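Only one structure is covered here, and it is reproduced in the block below.
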Amino acid sequence: MSIRQSTTPVMRERESPAIRRPALANPTAGDAILLSGSQQNEHNLIPFIGVEGIGEAVSDYLESELDGPGQQLDERMAQAESCSGCGASALAAFVAGREGPLAVVRAGHLNLDQSATFGSPDQPVYLIVDGINTNQPLTLTVYGTLVVTGGLNANNLHEGLAAASEHQYRVRAVNGAVAGDWSPYILIYTLPAAPGHLQAAAAGSTRIELSWDPVPGAIL
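Just so you know, we're using our numbering here: the sequence shown kicks off at 188 and counts up by one.
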């Protein structure tokens with residue numbers, strides 16, 4: 188004969204210690220909340236005080252910061268003295284002949300084949316040009332502000348390349364001792380499959396001509 192005996196545990200109810208939590212804002216009830224930093228979830232959100240009109244104030248500030256450069260350019264263009272058709276040398280002389288604390292000058296497209304300087308420490312300039320074209324390595328120095336409304340165009344000519352060959356190119360911006368990051372490589376083959384980039388130079392060889400433009404209207 189076998190006897191099996193089982194015991195049923197007795198569960199005594201205990202009161203859980205009170206957990207003190209900060210009073211939480213209730214967005215569903217219309218409470219306004221200002222978030223600062225990152226919050227893991229709404230349960231851990233610490234209480235904030237709603238500030239009347241803060242959204243409109245922040246919006247107005249951001250809009251003024253974004254609209255500022257454009258408004259300044261419109262004002263400068265309205266008061267600019269024209270040097271339309273001026274080459275680099277004539278434009279430099281025109282700027283040097285201006286009077287006042289700041290020369291504001293508007294010019295057309297500049298074709299540069301050598302380094303140029305506009306303005307001076309004693310005569311700063313707000314120079315607006317429609318575009319700049321060059322196919323030479325050069326230095327452009329502007330004492331003041333340079334606005335290129337139509338874009339900056341640079342060209343590089345690589346001649347004497349073997350036919351059916353592969354070449355990689357990349358570009359970066361350089362301002363004195365400060366250099367930007369290199370762009371991704373551009374892979375180009377010397378095959379007549381990219382009109383506008385390849386030109387026949389001689390029998391059995393080709394040349395690659397590259398050009399690139401930054402964003403029009405850049406303020407440098």
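Ideal Cβ positions, reconstructed from N, Cα and C, are used throughout, including at glycine. All of these numbers come straight from a predicted model, not from anything done at the bench.
Query: What whole-angstrom Cβ distance do Val-291 and Ala-267 have, given they're in contact under 8 Å?; Result: 5 Å
Query: If you drop the 5 nearest sequence neighbours on each side, which residues of the same chain put their C-beta closer than 6 Å to that of Ala-294?; Result: Cys-270, Cys-273, Leu-278 and Val-316
Query: Report yes if the C-beta distance between Leu-299 and Ala-280 is below 9 Å; otherwise report no.; Result: no
Query: Based on the DSSP secondary-structure assignment, which residues constitute the bridge partners of Gly-318?; Result: His-296
Query: Mind checking which residues open and close the beta strand (DSSP E) that includes Leu-278?; Result: Premise fails: Leu-278 lies in the alpha helix (DSSP H), 275–283, not in any beta strand (DSSP E).
Query: Please report how far the alpha carbon of Ile-375 lies from the alpha carbon of Thr-326, in whole angstroms.; Result: 28 Å
Query: So, for Ser-303: in the same chain, excluding its five sequence neighbours on each side, which residues have a beta-carbon less than 7 Å away from its beta-carbon?; Result: The residue you asked about is not Ser; residue 303 is Ala in the sequence shown. Closer than 7 Å at Cβ, skipping near neighbours: Ala-275, Ala-279 and Leu-327.
Query: Please go through the same chain and pick out, in chain order, the residues whose beta-carbon is closer than 8 Å to the beta-carbon of Ser-307, but skip the five residues on each side of it.; Result: Ala-283 and Tyr-330
Query: Are the Cβ atoms of Leu-297 and Tyr-313 separated by less than 9 Å?; Result: no
Query: Quick check on the burial criterion: 16 or more other C-beta atoms within 10 angstroms. Buried or exposed for Val-334?; Result: buried
Query: Taking only the alpha-carbon atoms, compute the straight-line gap between Asp-309 and Leu-260 and give it to the nearest angstrom.; Result: 22 Å
Query: Contact defined as beta carbons within less than 8 Å: I believe Gln-323 pairs with Gln-301. What is the distance between those atoms, to the nearest angstrom?; Result: 7 Å
Query: Mind checking who Ile-241 pairs with in its DSSP beta bridge?; Result: In DSSP, Ile-241 forms no bridge with anything.
Query: Please say whether Gly-318 and Thr-332 have beta carbons closer to each other than 9 Å?; Result: no
Query: How many Å lie between Met-264 and Ser-246 at the Cα?; Result: 28 Å
Query: In terms of DSSP beta bridges, what is Thr-328 paired with?; Result: Thr-304
Query: Which same chain residues, not among the five before or five after Pro-371, have their C-beta less than 8 Å away from its C-beta?; Result: Arg-357
Query: If you follow the beta strand (DSSP E) that Glu-353 is in, where does it begin and where does it stop?; Result: 353–356
Query: By how many angstroms is the C-alpha of Tyr-248 removed from the C-alpha of Phe-305?; Result: 34 Å
Query: What number of angstroms, rounded off, separates the C-alpha of Pro-311 from the C-alpha of Glu-239?; Result: 45 Å
Query: Take Ile-373 and list the residues in its own chain whose beta-carbon comes closer than 6 Å to its own, dropping the five residues that flank it on each side.; Result: Tyr-356
Query: Rounded to whole angstroms, what's the CA-CA distance from Val-365 to Ala-216? Just pull it up for me.; Result: 54 Å
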